[in-house]
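S.K.: Shown below is the structure under consideration.
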Amino acid sequence: MSTATDARASVPSALEVTRAHAGALELDLGSLLAEDVVFDVRAVAAATGTTLDGAARERGRDVLQRVIAELFALPSESDGNGRFAQLPEPTTGFPRARALPPSETPLTKWEAFAKEKGIKKRKRSKETFDEQSEEWKRRYGYKRVNDANDVIIAPAKMTDVVGKTEDPFTREEREKRERTQKNREKQDKNLMRAVQEKGVKALPPTLRLAVTGQKDSVGSGKLGKREMVHVASRVAQSTASMGKFNAPVAGDEKIKLKKGARRQFDDNLDTEKTRKKSQEIVEKLLLKEKAGGMVDVNMAARKIQQEKEKANRKNKSSGKSTEKKIGGKTGGKTGGKTGGKVGSKSKK
Amino acid sequence: MDAAMESKMEIKRAKTNAGKRALLARAPKKVEKAGKTTLFLHGQNSSQILKELLSDLASMKTLEARKMTRKNPGVRPFEGGGETSLEFFARKADASAYVLGTHQKKRPHCVTLGRFFEYRLFDQIEVLVTDFKSMRAFKGAGKGAVAGSKPCICFLGEEFDSDDGLKLFKNVLSDVFRGRVVDRINLKGIDRAIVCTSVPQPGRKPSVMFRQYAIKYKKSGTRLPLIALEEMGPSFDFTVGRHREAPPDLKREAYQKARVTKKQKNVSMDNVEGKVGRLYVEKQVGLEKLGQHKMKGLKRERRTNAEEKKKKSKSGEKE
Numbered sequence: 001m002s003t004a005t006d007a008r009a010s011v012p013s014a015l016e017v018t019r020a021h022a023g024a025l026e027l028d029l030g031s032l033l034a035e036d037v038v039f040d041v042r043a044v045a046a047a048t049g050t051t052l053d054g055a056a057r058e059r060g061r062d063v064l065q066r067v068i069a070e071l072f073a074l075p076s077e078s079d080g081n082g083r084f085a086q087l088p089e090p091t092t093g094f095p096r097a098r099a100l101p102p103s104e105t106p107l108t109k110w111e112a113f114a115k116e117k118g119i120k121k122r123k124r125s126k127e128t129f130d131e132q133s134e135e136w137k138r139r140y141g142y143k144r145v146n147d148a149n150d151v152i153i154a155p156a157k158m159t160d161v162v163g164k165t166e167d168p169f170t171r172e173e174r175e176k177r178e179r180t181q182k183n184r185e186k187q188d189k190n191l192m193r194a195v196q197e198k199g200v201k202a203l204p205p206t207l208r209l210a211v212t213g214q215k216d217s218v219g220s221g222k223l224g225k226r227e228m229v230h231v232a233s234r235v236a237q238s239t240a241s242m243g244k245f246n247a248p249v250a251g252d253e254k255i256k257l258k259k260g261a262r263r264q265f266d267d268n269l270d271t272e273k274t275r276k277k278s279q280e281i282v283e284k285l286l287l288k289e290k291a292g293g294m295v296d297v298n299m300a301a302r303k304i305q306q307e308k309e310k311a312n313r314k315n316k317s318s319g320k321s322t323e324k325k326i327g328g329k330t331g332g333k334t335g336g337k338t339g340g341k342v343g344s345k346s347k348k
Numbered sequence: 001m002d003a004a005m006e007s008k009m010e011i012k013r014a015k016t017n018a019g020k021r022a023l024l025a026r027a028p029k030k031v032e033k034a035g036k037t038t039l040f041l042h043g044q045n046s047s048q049i050l051k052e053l054l055s056d057l058a059s060m061k062t063l064e065a066r067k068m069t070r071k072n073p074g075v076r077p078f079e080g081g082g083e084t085s086l087e088f089f090a091r092k093a094d095a096s097a098y099v100l101g102t103h104q105k106k107r108p109h110c111v112t113l114g115r116f117f118e119y120r121l122f123d124q125i126e127v128l129v130t131d132f133k134s135m136r137a138f139k140g141a142g143k144g145a146v147a148g149s150k151p152c153i154c155f156l157g158e159e160f161d162s163d164d165g166l167k168l169f170k171n172v173l174s175d176v177f178r179g180r181v182v183d184r185i186n187l188k189g190i191d192r193a194i195v196c197t198s199v200p201q202p203g204r205k206p207s208v209m210f211r212q213y214a215i216k217y218k219k220s221g222t223r224l225p226l227i228a229l230e231e232m233g234p235s236f237d238f239t240v241g242r243h244r245e246a247p248p249d250l251k252r253e254a255y256q257k258a259r260v261t262k263k264q265k266n267v268s269m270d271n272v273e274g275k276v277g278r279l280y281v282e283k284q285v286g287l288e289k290l291g292q293h294k295m296k297g298l299k300r301e302r303r304t305n306a307e308e309k310k311k312k313s314k315s316g317e318k319e
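Below you can see the structure in the form of C-alpha cells.
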C-alpha cells in the first residue's frame, strides 16, 4: 500500500483546509480501500466527549477526505461526463472466483507428431492463382479456387452407367459430409486425449464431457410410440396402489391402464338364477335348430364385403388383379352353409 | 480415467450461438475484472431484522446481487454436509460469494458472509448483528448515491490488523462490496463510503460498528472539495462469531495470478544490429517548396521530349 505521494504544491495546504487525516494510513486506491490501524474509538470519544458513533464518524470523514485528496492528485483526464482519475493497480489480494484457466492448449495428435519429427508449419498465401478464370482467388472459403459448388455441368466418364453411377452432385455432397464427420471425430479424439492427460479443465468452455447413451433409454427415438405408451402404462401401474392413487400428471390421462380379466362367480345358493341361465342355453340351441338355413342378411352382407376387401388388399400387395376370382370366392360364401354359420354367430 | 470410462464419455458441444455465448460468459477468466456476484439467502429460520438487513445489503450490490426469498433449511455452511445445497445454488446463480441470514436462540440475528472458489465454499465468517437500522430509517439520505457506484471502504481500529476474525471480515467485506475492478473512476462519482470501526470490549471480543455514509462534496476554497458525510444506512453493530479460513492449498490455487505480458510492438532483433525498433514518422510536407539544386535532366521540356521519343520507338516496334 502506498502512502501520501508528493502531490502539487497547492495540495498540502488544501489538505489542511479540508482537515484530511495526516497520520499513517494503509491505502489501496485501486480498490478504494483505506485502513487506519492506530485509532481507538473509546479513547478518542472519551477525550473529545463525544459518542462512540460521533468519534468514529469524525475520524472516518478525515480518512475519507485523505482518500479523496489522493484520488484528486492522481493523473486524470476529463470528458463530457466529468473528470476521470486513472487508478493504480489494486494492491490488496483477493481470491479468484474461478480457477486460473490453463495457459496452453494441449497438443493435438498431429501437432505432437510434428513436434517430434521437427516438422514446421509453412506459411501459405491466402490466395492462389486460378488458371481457369485467370485471377487470384482464395485458397479456402467464399469464392475459393475449385469450388465444387461452382460446377454447373459435371463431366461424365466413359465408365459411367446410367442409373448405376452416383450423381456427381450428390456424391460431392456425401463426400463433403463424410469429410466433415471424419474431421469432427478426429477433433473429439484429440479432445478426449487432452482430457485424459490434463483433466476436464483442458476442454474449451463451450464443450462439456457427458456420459454417452444417457438419453437412449427414453426419448432418443429408439423406442417406438407404441412401446413408449406400453412403458408409460407399466410405469404408471408400478406404484404401491397399482396406479390407483397416482397424482395427476399432465398427459397422463392419455395412458390407458391395462386391467386384468376379472373372474366372476355365480352365487351358489341362488337356484333361481342358475335355472334361468340353463334355460337360456336350451332356448338358444332350440332356436338354432329351428332356424336351419335361415340367414341374417345384414351380417352376411357385411361379412361378404369384408372378405372382398381383404382379398383386394392381398391382390394389390402381390401386384395381380384377379377381380373374377374374388367374385367367385365370395359367391361361394353366400351359399347356405356359410350363411347359416354367420347367422348363428351373430346371435351368440 | 480408464479406457472403459472413456468409451462411455462423449464431447458435447453448445448447440446454439446464444448457448455458446452464455457458456463463454461463465467461463473462467485469466484476469477477473467483474465484481463478485453474491447470493443473498436465508437459512432455516430468519428474523425481520435479517430480512431488512439482507435486502439493504443486496441493494448495495445492485446488479451483482442474487436474492432468494424462501427459507433454506438445508443450508448450514459451518456444519458437515450443510454446504451442499449452498454450493448448488452458487453454481446455479454463477455466484462467487454469499450472505446468509439465520436466526437461532444460540446465535440470534446472525449473518454469514462467505466466498466460493469454483463454486466450492472457500472461506466464511459469521457476524452477530445488534442495533440495526435499515436504509429506510434514514429517509432517503442516500438519494445522491448512484446504484452500482463503487464505494470507498474504510476500516478504523487496531483490531482489524490483530484479530483473526476481523482480518478475515475485512478481506471478505472489501471483496464483496468493492465491485468491478476498474482502471479509471469519475471523481464526481465517489458518492458513498462504508466505514467499519472496531470497538475494543474489555474482556470480550471486540465489536464493530458498520455504517454507510453518502459523501457530499462542498466548496473548500481550494481545488480539493471538502467532503461531508451523511449517514444513509444500513447501520448495525456486530461481534464476530464462528469463522473458517480456506485451507492453505486451496488458498494457493485461488490466489494465483495470470502472467500478463504486454505484446511488444515494432521491436525486432537483428543479427547485425541487435535490437531494432521501428518508429512512426509523420508524413513530411513542404519539401517541394525547398530550394533545391535544379538539374538539366529534371526540366519539363527535356522530360516530355524523352517520353515522346519512347512512345515513338514503341509504336515503331509494333508496326
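Protein sequences appear in the order of chains E and R. For the first sequence, position 97 matches number 97 in UniProt numbering, and the numbering has no gaps at all. For the second sequence, position 47 matches number 47 in UniProt numbering, and the numbering has no gaps at all. All residues carry an ideal CB built from backbone N, CA and C; glycine is no exception. Being a predicted model, the structure only gives us computed values, none of them experimental.
Tell me whether E/Phe129 is buried or exposed, calling it buried when 16 or more other Cβ atoms sit within 10 Å of its Cβ.
M.R.: In the first sequence, counting from the first residue as 1, residue 129 of chain E sits at position 129. With fewer than 16 other Cβ atoms within 10 Å, it is exposed.
S.K.: What's the gap between the Cα of E/Lys174 and the Cα of E/Ala210?
M.R.: Translated into positions along the first sequence, residue 174 of chain E becomes position 174. Translated into positions along the first sequence, residue 210 of chain E becomes position 210. The question names Lys, yet the displayed sequence has Arg at residue 174 of chain E. So the alpha carbons of these two residues sit roughly 29 Å apart.
S.K.: Can you give the Cα-Cα distance for E/Asn183 and E/Asn190, rounded to whole angstroms?
M.R.: Here the question's residue 183 of chain E lines up with position 183 in the first sequence. Here the question's residue 190 of chain E lines up with position 190 in the first sequence. Cα to Cα, the separation comes out at about 11 Å.
S.K.: Roughly how many angstroms lie between the CA atoms of E/Leu71 and E/Gly118, to the nearest whole one?
M.R.: As a position in the first sequence, residue 71 of chain E is number 71, starting the count at 1. As a position in the first sequence, residue 118 of chain E is number 118, starting the count at 1. Cα to Cα, E/Leu71 sits roughly 55 Å from E/Gly118.
S.K.: Run the CB neighbour count on R/Ile194, radius 10 Å, all protein chains shown included, and call it buried at 16 or more, exposed below.
M.R.: As a working note, residue 194 of chain R is residue 194 in the second sequence. It is buried - the Cβ of R/Ile194 has at least 16 other Cβ atoms within 10 Å.
S.K.: Residues in its own chain within less than 6 Å of E/Glu35 by CB, not counting five upstream and five downstream?
M.R.: Position 35 of the first sequence, counting from 1, holds the residue named residue 35 of chain E. Glu26, listed in sequence order.
S.K.: By DSSP, does R/Lys310 sit in helix, in strand, or in coil?
M.R.: As a first step, residue 310 of chain R is located in the second sequence; it is residue number 310 there, counting from the start. In the structure shown, R/Lys310 sits in a helix (DSSP, three-state: H, G or I).
S.K.: Please determine, among R/Glu52, R/Glu273, R/Ala145, the residue with the shortest C-alpha to C-alpha distance to R/Arg136.
M.R.: Numbered from its first residue, the second sequence carries residue 136 of chain R at position 136. Checking every option, the nearest Cα to that of R/Arg136 belongs to R/Glu52.
S.K.: On the three-state DSSP scale, how would you describe E/Phe72?
M.R.: Locating residue 72 of chain E in the first sequence gives position 72, counting from the first residue. Three-state result, E/Phe72: helix.
S.K.: Hey, R/Glu64 and R/Thr37: beta-carbon distance below 8 Å or not?
M.R.: For the purposes of this step, residue 64 of chain R is identified with residue 64 of the second sequence, where counting begins at 1. For the purposes of this step, residue 37 of chain R is identified with residue 37 of the second sequence, where counting begins at 1. For R/Glu64 and R/Thr37, yes; Cβs fall inside 8 Å.
S.K.: Would you report the Cα separation of E/Arg19 and R/Glu273, rounded to the nearest angstrom?
M.R.: Counted from its first residue, the first sequence places residue 19 of chain E at position 19. Counted from its first residue, the second sequence places residue 273 of chain R at position 273. Approximately 58 Å, taken between the alpha carbons.
S.K.: Once DSSP output is grouped into helix, strand and coil, what is the label at R/Ile49?
M.R.: Mapped onto the second sequence, residue 49 of chain R falls at position 49. The answer is helix: DSSP assigns R/Ile49 an H, G or I state.
S.K.: Count the other C-beta atoms from every protein chain shown that fall within 10 angstroms of the C-beta of R/Glu159, then say buried if there are 16 or more, exposed otherwise.
M.R.: As a first step, residue 159 of chain R is located in the second sequence; it is residue number 159 there, counting from the start. By the neighbour-count rule (16 or more Cβ atoms within 10 Å), R/Glu159 is buried.
S.K.: Have a look at E/Arg57, E/Gly49, E/Ala45, E/Arg42 and flag the residue whose alpha-carbon is nearest the alpha-carbon of E/His21.
M.R.: Along the first sequence, read from residue 1 onward, the residue named residue 21 of chain E stands at position 21. Minimum Cα distance to E/His21 is reached at E/Arg57.
S.K.: Could you tell me the alpha carbon to alpha carbon distance between R/Thr261 and E/Met192, rounded to whole angstroms?
M.R.: The count along the second sequence starts at 1 and reaches residue 261 of chain R at position 261. The count along the first sequence starts at 1 and reaches residue 192 of chain E at position 192. If I take the Cα positions, the gap works out to 31 Å.
S.K.: Let's see if you can read the secondary structure: which residues bound the alpha helix (DSSP H) around R/Ala93?
M.R.: The sequence position of residue 93 of chain R within the second sequence is 93, counting from 1. Taken as a continuous stretch (DSSP letters only), the alpha helix (DSSP H) holding R/Ala93 covers 84-93.
S.K.: Could you give the distance in angstroms between the alpha-carbon of R/Phe40 and the alpha-carbon of E/Leu52?
M.R.: Here residue 40 of chain R corresponds to residue number 40 of the second sequence, with the count starting at 1. Here residue 52 of chain E corresponds to residue number 52 of the first sequence, with the count starting at 1. Answer to the nearest angstrom: the Cα atoms are 30 Å apart.
S.K.: Any beta carbon from chain R within less than 8 Å of E/Gly219's own beta carbon?
M.R.: Indexing the first sequence from 1 puts residue 219 of chain E at position 219. Model confidence at E/Gly219 stands at a pLDDT of 48, short of 50, so the residue's coordinates are unreliable and nothing is read from them.
S.K.: Starting from E/Ala46 and walking both ways along the alpha helix (DSSP H), at which residues does that stretch end?
M.R.: Numbered from 1 along the first sequence, position 46 holds the residue referred to as residue 46 of chain E. 41-48 is the extent of the alpha helix (DSSP H) around E/Ala46.
S.K.: Using 8 Å as the cut-off, can you tell me whether the stretch 105-124 of chain R makes contact with the stretch 232-246 of chain R, which would need three or more C-beta pairs spanning the two stretches below that distance?
M.R.: The answer is yes - the stretch 232-246 of chain R touches the stretch 105-124 of chain R, with three or more Cβ pairs under 8 Å.
S.K.: Using Cβ-Cβ distances below 8 Å, what residues of the stretch 170-193 of chain R are close to chain E?
M.R.: Cβ contacts with chain E: Lys170, Asn171, Ser174, Asp175, Arg178, Val181, Val182, Asp183, Arg184, Ile185, Asn186, Leu187, Lys188, Gly189, Ile190, Ala193.
S.K.: Per the DSSP calculation, R/Phe116 is bridged to which residue(s)?
M.R.: Translated into the one-based positions of the second sequence, residue 116 of chain R becomes position 116. For R/Phe116, which the question treats as bridged, DSSP gives the partners R/Leu121.
S.K.: Helix, strand or coil for E/Thr18? Go by DSSP, reduced to three states.
M.R.: Walking along the first sequence from the start, residue 18 of chain E turns up at place 18. In this structure, E/Thr18 counts as coil in the three-state DSSP scheme.
S.K.: Could you check how far apart the C-beta atoms of E/Gly30 and E/Pro88 are, in whole angstroms? I think they sit under 8 Å.
M.R.: Residue 30 of chain E sits at position 30 when you count from the first residue of the first sequence. Residue 88 of chain E sits at position 88 when you count from the first residue of the first sequence. With 8 Å as the limit, E/Gly30 and E/Pro88 qualify as a contact, their Cβ atoms being about 5 Å apart.
S.K.: Is E/Gln86 near E/Leu100, with beta carbons less than 8 Å apart?
M.R.: Residue mapping note: residue 86 of chain E aligns to position 86 of the first sequence, counting from 1. Residue mapping note: residue 100 of chain E aligns to position 100 of the first sequence, counting from 1. Cβ atoms of E/Gln86 and E/Leu100: not closer than 8 Å.
S.K.: To which residues does DSSP link R/Ile190 through a beta bridge?
M.R.: Locating residue 190 of chain R in the second sequence gives position 190, where the first residue counts as 1. Looking at the DSSP assignment, R/Ile190 forms no beta bridge with any residue, so it has no partner.
S.K.: According to the neighbour-count rule (16 or more other Cβ atoms, all chains shown, within 10 Å of its Cβ), is R/Arg76 buried or exposed?
M.R.: Here residue 76 of chain R corresponds to residue number 76 of the second sequence, with the count starting at 1. Classification of R/Arg76: buried, given that the 10 Å Cβ count is 16 or more.
S.K.: When you compare only the Cα positions, how much space is there between R/Ser313 and R/Arg303?
M.R.: The residue given as residue 313 of chain R occupies position 313 in the second sequence. The residue given as residue 303 of chain R occupies position 303 in the second sequence. If you take the alpha carbons of R/Ser313 and R/Arg303, they lie about 16 Å apart.
S.K.: Can you give me the start and stop residues for the beta strand (DSSP E) that R/Val276 sits inside?
M.R.: On the second sequence, residue 276 of chain R is found 276 positions in, with the first residue counted as 1. Its beta strand (DSSP E) spans residues 274-277.
S.K.: What is the residue span of the beta strand (DSSP E) that E/Gln181 lies within?
M.R.: As a working mapping, residue 181 of chain E is identified with position 181 in the first sequence. Premise fails: E/Gln181 lies in the alpha helix (DSSP H), 168-198, not in any beta strand (DSSP E).
S.K.: Could you check which residue in R/Val146, R/Cys196, R/Ser59, R/Ala246 has the C-alpha nearest to that of R/Arg211?
M.R.: As a first step, residue 211 of chain R is located in the second sequence; it is residue number 211 there, counting from the start. Measuring from the Cα of R/Arg211, the nearest candidate turns out to be R/Cys196.
S.K.: Kindly provide the ranges of any alpha helix (DSSP H) runs that are 4 or more residues long and lie completely inside the stretch 205-286 of chain R, ordered along the chain.
M.R.: As far as the stretch 205-286 of chain R is concerned, its whole alpha helix (DSSP H) runs of at least 4 residues are 248-254.
S.K.: Any beta carbon of chain E sitting closer than 8 Å to that of R/Asp163?
M.R.: Here residue 163 of chain R refers to the residue found at position 163 when the second sequence is read from its first residue. No, R/Asp163 lies away from the interface with chain E (no Cβ there is under 8 Å from its Cβ).
S.K.: Just reading off the beta strand (DSSP E) that R/Ile11 is part of, what are its end residues?
M.R.: In the second sequence, counting from the first residue as 1, residue 11 of chain R sits at position 11. Its beta strand (DSSP E) spans residues 9-13.
S.K.: Give the list of continuous alpha helix (DSSP H) stretches no shorter than 4 residues that lie fully inside the stretch 83-165 of chain E.
M.R.: Within the stretch 83-165 of chain E, the complete alpha helix (DSSP H) runs of at least 4 residues are 109-117.
S.K.: Can you tell me whether R/Met60 is buried or exposed, with buried defined as 16 or more other CB within 10 angstroms of its CB?
M.R.: As a first step, residue 60 of chain R is located in the second sequence; it is residue number 60 there, counting from the start. When all chains shown are included, R/Met60 counts as buried.
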